[in-house]
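S.K.:
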Amino acid sequence: MELKSRQTYILRSLLDADREVTSAELLEKLGIAKRTFYYDVEKINDYLAQHGMGRLAISGARVRAEISDQAALDRQLRRNSSYFFSVTERRAMEILYISLNSETVTIGRLMDSFEVSKNTALADIKMIREELEAWSLSLRSAIKVGYQIEGEEATIRKLLWAQFRKLNNPEGTAAVKSFLQQSMVAITGNDIDFLELCRCLIKQYESDIQGDCFLDENGFESMMIQASWIRSRKGHEINMDSEEQFALMKTLSYRSVEFSAQKLGLLGMGISPKETYYITSLFLGIQTTDFATQEEENSYILGLAEQLIYNFERIACITFPNRERLHGQLSHHIRPMYYRLKYGIMDKNPLTRDIQRMYPAVYDFTRRAIKEIDTKVLSEISEDELAYLCIYFASNLNEKFVSQGDAAATEEVLIIGAGNMATSTLVKEQLQDLFGLSFRYSVITVDRVRKWELDDYALVVSLVPLSRQLSCRRLVETGPIITEGNQRKIMEVLKENRTVARHNKLIQDILCLVEKNTTGQVQAERLYFDLFRYFDRRDGGGGLPQTTETFAEKLRRENVVSLPAGTDWAQAVLRGAQSLQGERLADKMGNLLHSRRVQMYRFRDEVVLVHCPMQGEVGAKVDVRILVSREGVLCRDGRRASVILCLATADRYTHWNTLQEVYQYFSTPGHVDGVKQFYALN
Numbered sequence: 012m013e014l015k016s017r018q019t020y021i022l023r024s025l026l027d028a029d030r031e032v033t034s035a036e037l038l039e040k041l042g043i044a045k046r047t048f049y050y051d052v053e054k055i056n057d058y059l060a061q062h063g064m065g066r067l068a069i070s071g072a073r074v075r076a077e078i079s080d081q082a083a084l085d086r087q088l089r090r091n092s093s094y095f096f097s098v099t100e101r102r103a104m105e106i107l108y109i110s111l112n113s114e115t116v117t118i119g120r121l122m123d124s125f126e127v128s129k130n131t132a133l134a135d136i137k138m139i140r141e142e143l144e145a146w147s148l149s150l151r152s153a154i155k156v157g158y159q160i161e162g163e164e165a166t167i168r169k170l171l172w173a174q175f176r177k178l179n180n181p182e183g184t185a186a187v188k189s190f191l192q193q194s195m196v197a198i199t200g201n202d203i204d205f206l207e208l209c210r211c212l213i214k215q216y217e218s219d220i221q222g223d224c225f226l227d228e229n230g231f232e233s234m235m236i237q238a239s240w241i242r243s244r245k246g247h248e249i250n251m252d253s254e255e256q257f258a259l260m261k262t263l264s265y266r267s268v269e270f271s272a273q274k275l276g277l278l279g280m281g282i283s284p285k286e287t288y289y290i291t292s293l294f295l296g297i298q299t300t301d302f303a304t305q306e307e308e309n310s311y312i313l314g315l316a317e318q319l320i321y322n323f324e325r326i327a328c329i330t331f332p333n334r335e336r337l338h339g340q341l342s343h344h345i346r347p348m349y350y351r352l353k354y355g356i357m358d359k360n361p362l363t364r365d366i367q368r369m370y371p372a373v374y375d376f377t378r379r380a381i382k383e384i385d386t387k388v389l390s391e392i393s394e395d396e397l398a399y400l401c402i403y404f405a406s407n408l409n410e411k412f413v414s415q416g417d418a419a420a421t422e423e424v425l426i427i428g429a430g431n432m433a434t435s436t437l438v439k440e441q442l443q444d445l446f447g448l449s450f451r452y453s454v455i456t457v458d459r460v461r462k463w464e465l466d467d468y469a470l471v472v473s474l475v476p477l478s479r480q481l482s483c484r485r486l487v488e489t490g491p492i493i494t495e496g497n498q499r500k501i502m503e504v505l506k507e508n509r510t511v512a513r514h515n516k517l518i519q520d521i522l523c524l525v526e527k528n529t530t531g532q533v534q535a536e537r538l539y540f541d542l543f544r545y546f547d548r549r550d551g552g553g554g555l556p557q558t559t560e561t562f563a564e565k566l567r568r569e570n571v572v573s574l575p576a577g578t579d580w581a582q583a584v585l586r587g588a589q590s591l592q593g594e595r596l597a598d599k600m601g602n603l604l605h606s607r608r609v610q611m612y613r614f615r616d617e618v619v620l621v622h623c624p625m626q627g628e629v630g631a632k633v634d635v636r637i638l639v640s641r642e643g644v645l646c647r648d649g650r651r652a653s654v655i656l657c658l659a660t661a662d663r664y665t666h667w668n669t670l671q672e673v674y675q676y677f678s679t680p681g682h683v684d685g686v687k688q689f690y691a692l693n
């Protein structure tokens, strides 16, 4: 006589335990009734008696193996090649049987195939129903068709993949491969090695794409290809969204699978066109996603547009009046974009650089809005895709205000003076005579100089001697009149600056020609600056005077509020609003806090921006208050912030320059700590 797989498993378990085992332990592992267990013990004892090797002894609730020759028994058991499934493995295999069997699956067939009693088979069916409900699927039964899993086909495929993963061991994988081979032969009528055929399909794919296909080492993709074949032959094809199909059609992977499908069709082994898309997705590594159903994925894609608009509004401190129109435009674009990102398909945007140049603020806000969406699919979005999204936002804003060209790239020169600002103004006018209006000029007194800010400027000109602690590589010290020697020092500092460097080679070539062809003395420095101003004006530089107060200039004592210990989120926001515009704005922000409509954006771990809208208010203007807390304020998102910036806005656009300066200022390492240390500790 021969032992069945479950009986072999019981005997091996007792031998490996090398001790008495309670019957309760074995019953839990096996998932069978006590009567079935005692029946198996009786059959095991008959087998051991036949070979004269001992017996299994039951004492109360304990079972032990009394074996006379364990080595001989081990050799005997190794001849029995059948594999006993654990309860979890058996139920996974039963789901595969129901989904992929070539014949009708009934309770009787489950009992025969898995060597279980009717009660065990019925208990398994009950547990399978519960598992399917978690996948939004159902199990139906009828006399003619037996058990069938019903629901969305894409979800069933993900269910099958999960069952293959549960059988991820040599014996379980071998059992699955054997079962799939039997089903494929029965369904197609071709007695060939279908696993090898799938491997050939994968090898052809690797050859076509000229690279290795990073597939699972246990061959799960080969199993899923066979599952796809069987399901489609049984009338259950997977239906992908047309946008997803279009995204896949553009890939070399799809063309490879389609060509192989055509060749198999000539042999009577054709693959359904719909399944060609599915197999392509397997090869691209998208056999599973975070979504159990297609409906969930569709809902997620639609939600991306809403989330993107919400983030953009928080970051740009605006509110779109035509939200529905913008949402419709973005939703239409995001669906194909999502599938491109999902399958790693690169889409080149020829206008990316032009868009970045024309809409620098909108592009930056779009980039930040995407970054706020915590999803793996969007984590590696390209500049080309960002540029597409940027256009949708720009088209829903006033072109006159958002199209900036190179204006946003204007760099700053810092002038440090003593208490008499008239001298600093004189130096500023001399620098403007030299460079025209190519730079933006900030004038501060020496007591407001912050070491961590000096490297932000293209040039630092000081009218007073600075301590060694405040020195930097871009510093030039001068008197009220900038001498030719100081002019040369300034040019030495600026020779690598992009504003100057773009004209430098041409100007130097002209100076060389002038010196060669002129007999008299050439005032090279003066001619250099004259030529620079000429070329800069010709290229559109040096437009309107840069008179707007910069954020760095606003970062002074009267604009900074130190918050006392224990200040909460609402108190901090109201304190900032009151400092900006008094009780009127504080009342407005109080209403927004009550309705949870305050726009907040955390753009650094310890820095939060709060939008204080003043549109329509008397005396409305763009202004900012910097709130500093030594211990940090617990904000609405459940995290603490040491610096809270309250930005007052007068309309939808005039605050954008200040906003970009804020983001740029705090993007520099050390600025956050510098502000905290200087203002919180003083």
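If you're matching positions, the sequence shown starts at 12 in the working numbering and goes up one per residue.
In this text, a Cβ means the ideal position worked out from N, Cα and C, and glycines have one as well.
1) Please go through the region 351-421 and give each complete alpha helix (DSSP H) segment of 4 or more residues, from N-terminal end onward.
2) Please give the ranges of any alpha helix (DSSP H) in the region 93-176, keeping only runs that are unbroken, at least 4 residues long and fully inside the region.
3) Mind checking residue 688: buried by the 16 CB within 10 Å criterion, or exposed?
4) Identify every residue that forms a DSSP beta bridge with residue 622.
5) Can you list the alpha helix (DSSP H) stretches of 4 or more residues lying completely in the region 474-521, in chain order?
6) Just to confirm, is the Cβ distance from residue 70 to residue 198 under 7 Å?
7) Would you say residue 288 and residue 256 are within 7 Å of each other, going by their C-beta atoms?
8) In the DSSP assignment, the beta strand (DSSP E) including residue 77 goes from what residue to what residue?
9) Can you give the beta carbon distance from residue 167 to residue 160, rounded, assuming they're within the 8 Å contact cut?
10) With DSSP collapsed to three states, give me the class of residue 460.
11) Can you tell me whether residue 67 is helix, strand or coil according to DSSP?
12) Specify the secondary structure class of residue 471 as computed by DSSP and reduced to three states.
13) As a quick exercise: from 494, 492, 671 and 474, pick the residue whose alpha carbon is nearest that of residue 486.
14) Can you list, in chain order, the residues of its chain with a C-beta nearer than 6 Å to that of residue 127? Leave out the 5 residues immediately preceding and following it.
15) Are residue 397 and residue 379 touching if we call contact CB-CB under 7 Å?
16) Work out the CA separation of residue 653 and residue 594 for me, nearest whole Å.
17) Any idea what DSSP makes of residue 642, helix, strand or coil?
18) Where does residue 423 sit, in a helix, a strand or coil, going by DSSP?
19) For residue 591 and residue 599, what's the separation of their Cα atoms in angstroms?
20) Are the CB atoms of residue 695 and residue 587 nearer to each other than 7 Å?
21) Tell me the residue span of the alpha helix (DSSP H) that contains residue 233.
22) Quick one: measure Cβ to Cβ for residue 660 and residue 625, integer angstroms, because I've assumed they're closer than 8 Å.
23) At the level of alpha carbons, what is the spacing between residue 79 and residue 104?
24) Put residue 251 into one of helix, strand or coil per three-state DSSP.
25) Going by C-alpha distance, which of 338, 152 and 676 is nearest residue 118?
26) Looking only at DSSP bridge pairs, what is residue 437 linked to?
27) For residue 668, does the count of other Cβ atoms within 10 angstroms reach 16, so buried, or fall short, so exposed?
28) Considering residue 611, what are the terminal residues of the beta strand (DSSP E) in which it resides?
29) Determine, using beta-carbon pairs with one atom in the region 198-210 and one in the region 228-244, whether at least three such pairs fall under 8 Å.
30) Is it the case that the Cβ atoms of residue 262 and residue 356 are separated by a distance below 7 Å?
31) Less than 7 Å between the C-beta atoms of residue 677 and residue 615, yes or no?
32) Among 46, 347, 215 and 239, which residue has its Cα nearest to the Cα of residue 253?
33) In chain order, which alpha helix (DSSP H) runs of at least 4 residues are fully inside the region 262-302?
34) In whole angstroms, give me the CA-to-CA distance for residue 649 and residue 581.
35) If distances are taken between C-alpha atoms only, which option among 470, 50, 502 and 373 comes closest to residue 664?
36) With DSSP collapsed to three states, give me the class of residue 22.
M.R.: With the given structure in hand:
1) Runs found: 363-369, 371-382, 394-406 and 410-413.
2) List check, alpha helix (DSSP H) in window: 98-111, 118-125 and 129-145.
3) Around the CB of residue 688, fewer than 16 other CB atoms lie within 10 Å, so the residue is classed as exposed.
4) In the DSSP output, where bridge partners are listed per residue, residue 622 has 658.
5) DSSP runs (the alpha helix (DSSP H)) wholly in the region 474-521: 495-505.
6) No, these two residues do not count as a Cβ contact at 7 Å.
7) Contact flag set, yes.
8) 73-78 is the span of the beta strand (DSSP E), which, as asked, contains residue 77.
9) Going by Cβ atoms, the distance from residue 167 to residue 160 rounds to 6 Å, so yes, they are a contact pair.
10) In the three-state reduction of the DSSP assignment, residue 460 falls in the coil class.
11) Secondary structure at residue 67: strand, using DSSP grouped into helix, strand and coil.
12) Strand at residue 471.
13) Ranked by how close their Cα comes to the Cα of residue 486, the residues 494, 492, 671 and 474 have 474 in first place.
14) Counting only Cβ-Cβ distances below 6 Å, and skipping sequence neighbours, we find nothing.
15) No, Cβ-Cβ distance for residue 397 and residue 379 is not below 7 Å.
16) Cα to Cα, the separation comes out at about 24 Å.
17) In the three-state reduction of the DSSP assignment, residue 642 falls in the strand class.
18) Looking at residue 423 - three-state DSSP - the assignment turns out to be strand.
19) Residue 591 and residue 599 have their alpha carbons spaced roughly 12 Å apart.
20) With the chain covering only 12 through 693, there is no way to say anything about residue 695.
21) Taken as a continuous stretch (DSSP letters only), the alpha helix (DSSP H) holding residue 233 covers 231-244.
22) 6 Å between Cβ atoms; contact.
23) Per the coordinates, the alpha-carbon of residue 79 lies some 36 Å from the alpha-carbon of residue 104.
24) Residue state, collapsed to three classes: coil.
25) Closest option to residue 118, Cα to Cα, is 152.
26) Bridge partners of residue 437: none, in fact.
27) By the C-beta density criterion, residue 668 is buried, having at least 16 other C-beta atoms within 10 angstroms.
28) For residue 611, the enclosing beta strand (DSSP E) begins and ends at 611-615.
29) The region 198-210 makes contact with the region 228-244: 3 or more CB pairs, one atom from each, lie closer than 8 Å.
30) A contact, by the Cβ cut-off of 7 Å.
31) Yes, they are a contact pair.
32) Comparing Cα positions, the closest option is 347.
33) DSSP assignment within the region 262-302 yields the following whole alpha helix (DSSP H) runs of 4 residues or more, N-terminal first: 263-277 and 284-294.
34) The alpha-carbon atoms of residue 649 and residue 581 are separated by roughly 13 Å.
35) Across the set 470, 50, 502 and 373, the C-alpha of 373 shows the shortest separation from the C-alpha of residue 664.
36) It is helical.
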